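Beneath this line is the structure, given in C-alpha cells, with notes to follow.
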Amino acid sequence: MKAVKVTYTVAREFAEKNNQNIQAFLEEVKAIGDHGMRYHVFLAEDGKTFTHLSIYNNDASQKRFLALKTFLTFQQQRDENLESEPRIEALNLLHTSHAVFN
29 MKAVKVTYTV AREFAEKNNQ NIQAFLEEVK AIGDHGMRYH VFLAEDGKTF THLSIYNNDA
89 SQKRFLALKT FLTFQQQRDE NLESEPRIEA LNLLHTSHAV FN
C-alpha cells in the first residue's frame with residue numbers, strides 16, 4: 029500500500045477552477061471503478077490551500093490514476109496558478125479504525 033499527501037496553494041482567483049478540475053478527475057476515477065485507490069481532497073480555511081491524500085493498494089492503481097487525462101489537465105492548470113510549490117509527502121499507515129481496502 030502507498031499513501032501520498034500533496035499540499036499546495038493556488039492564486040485566489042483560480043481556487044474555484046482548481047476545485048472544478050479536481051471534481052472532473054474524481055468523476056473519472058469513479059467511472060473507472062478501480063477499487064485499489066482511495067482519494068480525498070481537503071480545502072484549508074484560507075479557501076486556496078488544497079491537500080490531497082491518495083492511498084493506493086498497488087502500483088498498477090497508482091499508475092492508472094497518474095495517467096488519467098483529466099488528472100494531467102488538472103496538474104498542468106494548477107502548476108500555472110501556484111502561489112506555493114506542492115509539498116509531496118510519502119506516508120506510512122500505522123493505524124486505522126477501518127480497513128482501507130477489503
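Counting in the working numbering, the sequence shown runs without a single skipped number right up to 130 at its last residue.
Beta carbons: idealized from backbone N, C-alpha and C, even for Gly.
Quantities reported herein were computed from a predicted structural model and do not represent experimental measurements.
Which term fits residue i, buried or exposed, when burial requires 16 or more other beta carbons within 10 angstroms of its beta carbon?
i    : result
R40  : exposed
K97  : exposed
R106 : buried
V128 : exposed
K76  : buried
I60  : exposed
Using DSSP with H/G/I as helix, E/B as strand and the rest coil, what is residue i?
i    : result
V128 : coil
Name the one or two DSSP bridge partners that residue i has.
i    : result
F42  : DSSP output for F42 lists no bridge partner at all.
L110 : V38
E117 : K33
H68  : L81
Would you be able to state if there are at least three C-beta pairs under 8 Å between the segment 48–67 and the segment 86–96? yes
Ordered list of beta strand (DSSP E) runs contained in the segment 75–106, each at least 3 residues: 77–84
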